[in-house]
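Residue numbers (UniProt numbering), protein chains in the order written: chain A, 1 to 518; chain B, 1 to 504. Cβ coordinates follow ideal geometry from the N, Cα and C atoms, glycine included. Remember, predicted model here, so these are calculated numbers, not experimental data. What follows is one structure encoded as structure tokens, with my remarks underneath.
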Amino acid sequence: MPKKNHSGDGTAAPLPVPPIDTWWWLSHKGTTTSFLCISLFALLIRSAVSMFPYSGAGTPPKFGDFEAQRHWMEITTNLPAIDWYRNGTNNDLTYWGLDYPPLTAYQSYIHGLLLRFFNPDSVSLFSSRGHESYIGKLLMRWTVLSSDALIFFPAALFFVLVYHRNRAKSQVAWHIAIILLNPCLILIDHGHFQYNCISLGLTVGAIAAVLCGSEVLTCVFFTLALSHKQMSAYFAPAFFSHLLGKCLRRKNPILSLLKLGIAVIVTFVIVWWPYLHSVDDFLMVLSRLAPFERGIYEDYVANFWCTTSILIKWKKLFTTPSLKFMSLAATVLASLPSMVHQIFSPSNEGFLYGLLNSSMAFYLFSFQVHEKSILMPFLAATLLALKIPDHFNHLTYYALFSMFPLLCRDNLLLPYLTLHLLFTLIYHSQLPKTKASSFSFTNFPGYVFLLRTHFVISLVLHVVYLTIQPPQKYPFLFDALIMILCFSYFVMFAIYTNYTQWNFSSHFRSADKEKKQI
Amino acid sequence: MDGDRRHLLLWFFAAATAVKLLLIPSYRSTDFEVHRNWLAITHSLPLSEWYFDETSQWTLDYPPFFAYFERFLSFFARLLDPKIVDLHKGLDYSADSVVYFQRITVIFSDLSLLLGVYRLTRKVETLKRNLICVLVVWSPGLLMVDHVHFQYNGFLLGWLLLSVSFLQDGRDLIGGFLFAVVLCFKHLFAVAAPVYFVYLLRHYCWAGLATGLRRLVALGSVVVAVFAAAFGPFIYNGQIQQVISRMFPFGRGLCHAYWAPNFWVFYIILDKGLAFTLRKLGFDVQVPSASFTGGLVGDSSPFAVLPQITPLTTFVMVLLAITPCLIKAWKKPQPGLVGRWIAYAYTCGFLFGWHVHEKASLHFTIPLAIVAVQSLEDAKHYFLVSIVYCYSLFPLLYEPQEYPIKVLLLLLHSMVMWLGFTALYSDEKALKEKEGGESKSKFEIGCIEKGYLIGLVLVEIVSQFLHPYFLGDRYAFMPLMLISTYCAVGIMYSWIWQLLKILT
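Have a look at this one:
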């Protein structure tokens with residue numbers, strides 16, 4: 001669609017209306033106004049998805065994530081803080097014990113108070129186990145909606161304002177829509193039922209603070225995000241390496257590092273205060289956060305260990321401690337290139353790529369990864385969407401596809417398809433123009449063919465999964481096929497983004513001859 | 001350019017479809033069961049029994065074309081799940097199959113609305129066309145009534161818009177034909193029939209004696225043919241009396257249970273107020289035994305003080321209200337003004353009609369959307385009236401689950417309208433030479449309008465939060481009455497504004 005130069009120069013021939021950019025009317029009043037408009041639409045979509053079933057709906061005795069969150073509200077409103085992570089007569093840790101850090105517990109407490117005010121039956125100790133009612137579901141859904149609106153949306157606005165400060169305003173609306181209408185986040189938070197919006201929102205706030213240059217704020221936000229969900233640690237290498245790189249360039253690196261360290265420690269102490277009175281308490285919480293006994297992978301997640309376990313039976317060949325070490329080593333190695341790059345040449349653009357790379361490395365190689373963890377790399381990808389639009393399009397498709405079995409189990413097939421449709425519509429509403437990068441997979445012979453075959457196979461798998469029963473001998477055959485397909489795409493994607501980030505140093509430091517590690 | 005335009009229209013439609021698909025599990029009113037029952041009736045029974053069947057209380061009360069439409073749909077329903085069209089076993093059937101089927105038929109039938117908008121906006125410039133598309137295809141009222149509450153208004157309004165588009169193009173015969181078709185789908189559209197009649201007579205048939213007579217005969221025969229296609233089988237079976245009585249159930253009361261925000265709300269309140277004051281003053285005023293929502297009970301009137309209102313009275317009042325428009329149409333029939341006149345006719349029908357339902361407000365707001373982009377005053381007027389009518393539909397979706405959805409729909413619609421209109425009118429300002437009086441050409445909401453809209457928010461807070469908190473379940477009619485009255489003020493204002501616009 002032809003773009004319009006709004007400031008008419010008056011020297012042109014007398015013509016009627018010049019062609020107008022289709023979405024100009026949405027963004028002509030400024031970024032914040034268009035953000036408000038799009039966020040109203042995003043909230044509408046979230047409210048609509050909330051009407052669909054949640055995880056574990058109507059499946060006693062264990063139910064699902066919804067029941068877990070409700071149970072945490074029950075525990076936190078009825079017991080003192082020190083008992084929340086402790087096994088006791090009133091708190092049976094085998095029935096959905098708390099396994100997120102204290103900020104989740106505080107948030108459950110606040111929401112629990114709300115539920116108790118309007119519907120006490122849903123959070124009364126013991127008797128509310130398996131409680132399912134219209135008003136209970138509605139209140140729980142509204143807690144997620146309000147957390148999203150109060151934490152994720154303002155953080156996204158902060159990011160968009162900072163990121164687009166010095167860029168052309170023609171693609172702001174598109175970018176806002178991509179960030180706010182993140183299909184994976186909507187389906188998991190408002191469908192399956194979780195509170196990822198809080199930790200992801202805090203992370204986005206930290207990222208925006210980095211782009212702004214206020215590093216103390218970054219540390220505060222990121223520590224809060226870590227204290228909400230330990231999975232935020234997927235981004236830790238990127239933050240660490242970028243801040244370290246920046247500090248090393250200051251006049252007094254030790255002082256800068258000290259400032260940031262103090263910010264982290266102070267925030268940490270404030271949040272974890274009830275659990276810092278004795279080492280035992282602290283370790284008790286930590287042990288809940290890292291349930292190593294659950295094994296290196298569960299179910300069928302599209303990461304390295306699970307996919308290769310088809311050929312190499314990791315769980316049988318190695319003990320858990322050695323698997324822990326191997327996954328740690330693999331994760332560190334995978335995130336090393338991007339970390340090294342940022343320490344030696346930190347930049348805002350490189351930082352965003354670093355986030356994507358480190359979270360992808362963690363997703364692929366870390367211990368006990370869930371399908372839902374694709375949210376982390378995906379969030380980083382939405383922030384970078386303007387730079388890697390084609391790859392982002394494919395990533396969305398495969399990220400959603402990797403969660404397809406999970407969503408089918410939750411009876412969320414219609415929202416899955418609809419959000420796919422919505423994403424495609426938004427993506428194609430205004431294709432961003434990008435300069436061709438020096439490295440493009442399209443230069444590789446057969447890449448396009450590979451991608452197309454992937455796509456066709458995935459379509460077939462969609463239909464097969466829904467219609468055909470898997471053979472008795474391999475009941476999870478189709479799950480495994482989906483996992484392999486998604487894993488192969490994620491690997492290609494990770495290689496591309498790592499290479500792109502690594503090449504940044506050649507753009508910035510053509511004069512300096514920095515030794516490169518391959 | 002045209003391909004681009006089609007793509008964009010389809011884009012809008014697809015985005016609306018995504019939202020509609022997500023609304024599938026929402027609250028369904030009894031209208032859902034009504035339509036399912038009609039699927040069953042038309043499928044399982046022969047034509048001669050369609051208007052006689054009383055297996056369920058939801059009897060067929062739309063004209064025959066709609067019955068044929070349901071018959072067409074029932075073919076697919078049976079393929080999907082035979083129980084849907086079972087007359088007895090399918091009663092109150094609410095399995096996933098019937099919900100998905102019926103909801104998706106409404107989504108598909110909205111394509112006629114898209115076609116109507118496409119034809120109407122062929123000659124309109126880009127920004128205005130996009131805005132009309134947004135106002136019609138993404139109309140919050142349509143989403144709330146058609147896709148949550150459940151009806152087929154989008155489908156029917158599409159035909160109406162098609163008819164208007166042909167009239168605007170000057171192809172009167174087809175326009176008249178399409179209007180006759182719409183009438184045979186839903187007789188409620190007949191409120192605009194006087195406008196069509198006068199306009200077609202004056203514009204099409206007033207062309208010299210020979211051509212005029214020929215055209216009159218052509219038009220007449222087309223209309224008669226349409227009616228014959230619809231009602232023919234029933235006249236042949238001698239059932240026309242039954243069909244008419246089903247279509248016009250005047251046994252119902254002056255007002256629907258939820259009190260549509262029309263003129264009669266004021267009449268009723270005036271009556272109650274006068275009765276109250278007169279009683280206080282010592283006069284002996286009988287408490288009426290009949291109610292407004294019930295039927296005409298014998299000779300007794302539901303009104304204590306003021307004269308009784310009969311269907312005939314409402315008919316006369318509607319006709320009187322439309323008359324200025326008819327006179328204008330007679331004096332100078334301009335194709336460009338047809339949309340305005342039709343919208344005005346439906347406004348009058350809404351304000352003064354018998355047993356009007358809130359949903360009927362869609363009939364005038366959708367045609368008004370086409371007109372809204374024609375001038376700054378139209379835009380300002382539409383901004384106000386569409387917010388008022390959307391809010392008046394709130395009581396239809398009374399369950400808490402839909403509360404965020406309806407509020408967000410209204411807020412989103414207001415914001416999009418504001419952005420669109422400011423873009424439209426500041427853009428024109430930028431393109432013109434800078435003349436004096438710039439503030440007049442900018443889209444701004446006046447103080448009174450702002451005050452009224454803020455009052456709307458207050459009404460919502462009172463009826464939704466303060467009333468249940470302080471008064472609980474007592475005086476349950478008060479919030480509804482408050483909403484109806486407040487919205488009726490806005491709609492009366494719209495009527496007067498439209499009347500003045502037509503007269504000048």
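- No Cβ-Cβ contact shorter than 8 Å links residue 175 of chain B with residue 113 of chain B.
- Between residue 123 of chain A and residue 129 of chain A the beta-carbon gap is near 11 Å, outside 8 Å, which marks them as no contact.
- Excluding the 5 residues flanking it on each side, residue 70 of chain B has same chain C-beta neighbours closer than 6 Å at 38, 39, 42, in chain order.
- In chain order, 151, 153, 359, 362, 393, 396 place their CB closer than 8 Å to the CB of residue 145 of chain B, counting only its own chain and leaving out the 5 sequence neighbours on each side.
- Residues of chain B whose Cβ lies closer than 7 Å to the Cβ of residue 51 of chain A are, in chain order, 25, 26, 401.
- The C-beta of residue 405 of chain B comes closer than 8 Å to at least one C-beta of chain A.
- A distance of 8 Å or more separates the beta carbons of residue 173 of chain A and residue 43 of chain A.
- Sorting A/302, A/126, A/54 by C-alpha distance to the C-alpha of residue 187 of chain A places A/54 at the top.
- For residue 289 of chain A, the closest alpha carbon among the candidates A/100, A/385, A/152 is that of A/100.
- Note on residue 118 of chain B: 16 or more other CB atoms within 10 angstroms of its CB, so buried under the neighbour-count rule.
- DSSP places residue 297 of chain A within a strand segment (E or B) once states are collapsed to three.
- Residue state for residue 325 of chain B is assigned as helix, using DSSP reduced to three classes.
- Within the region 36-65 of chain A, the residues whose Cβ lies closer than 9 Å to any Cβ of chain B are, in chain order, 36, 37, 40, 41, 43, 44, 45, 46, 47, 48, 49, 50, 51, 52, 53.
- Look at residue 205 of chain B here: in three-state DSSP terms it is coil, with no helix or strand label.
- Within chain A, 45, 418, 419, 421, 422, 425 have C-beta atoms less than 9 Å from the C-beta of residue 18 of chain B, given in sequence order.
- Nothing from the region 455-479 of chain B brings a Cβ to less than 9 Å from some Cβ of chain A.
- Leaving aside the five residues that flank residue 105 of chain B on each side, the residues in its chain whose CB is nearer than 6 Å to its CB run, in chain order, 73.
- Take the alpha-carbon of residue 181 of chain A and the one of residue 359 of chain A: they are about 20 Å apart.
- Secondary structure at residue 305 of chain B: coil, using DSSP grouped into helix, strand and coil.
- Residue contact with chain A for residue 14 of chain B: present (Cβ-Cβ distance below 8 Å to some residue of chain A).
- Scanning chain A for C-beta atoms nearer than 8 Å to the C-beta of residue 144 of chain B yields nothing, as the closest lies near 12 Å away.
- Residues of the same chain with a CB within less than 6 Å of the CB of residue 416 of chain A, apart from the 5 flanking positions on each side, are 407 in chain order.
- Setting aside the 5 residues that flank it on each side, residue 129 of chain B is surrounded in the same chain by 5, 121, each with a C-beta closer than 8 Å to its C-beta; the list follows chain order.
- Scanning its chain for C-beta atoms nearer than 7 Å, with the 5 sequence neighbours on each side dropped, one finds around residue 233 of chain A the residues 226, in chain order.
- With a 10 Å radius around the Cβ and a threshold of 16 neighbouring Cβ atoms, residue 307 of chain B comes out exposed.
- Contact annotation: in the region 227-261 of chain B, no residue has its CB less than 8 Å from a CB in chain A.
- The C-beta separation of residue 496 of chain B from residue 262 of chain B comes to about 14 Å, leaving the pair out of contact by the 8 Å criterion.
- Cα atoms of residue 254 of chain A and residue 221 of chain A: separation of roughly 22 Å, rounded to the nearest angstrom.
- One Cα belongs to residue 368 of chain A, the other to residue 296 of chain A, and the distance between them is close to 5 Å.
- A distance below 6 Å between beta-carbons, with the five flanking residues on each side excluded, links residue 405 of chain A to the following residues of its chain, in chain order: 479.
- Of B/166, B/381, B/477, B/398, the smallest CA-CA separation from residue 414 of chain B is found for B/381.
- Membership of residue 145 of chain B in any alpha helix (DSSP H) is not indicated, and neither H nor E is assigned to it by DSSP.
- For residue 473 of chain B, the number of other beta carbons within 10 angstroms of its own is below 16, and it is reported as exposed.
- If one requires a minimum length of 4 residues, the alpha helix (DSSP H) runs lying completely within the region 215-265 of chain A are 215-228, 236-248, in chain order.
- At the C-beta level, residue 84 of chain A and residue 76 of chain A come within 8 Å of one another.
- The straight-line gap separating the alpha-carbon atoms of residue 241 of chain A and residue 394 of chain A is approximately 28 Å.
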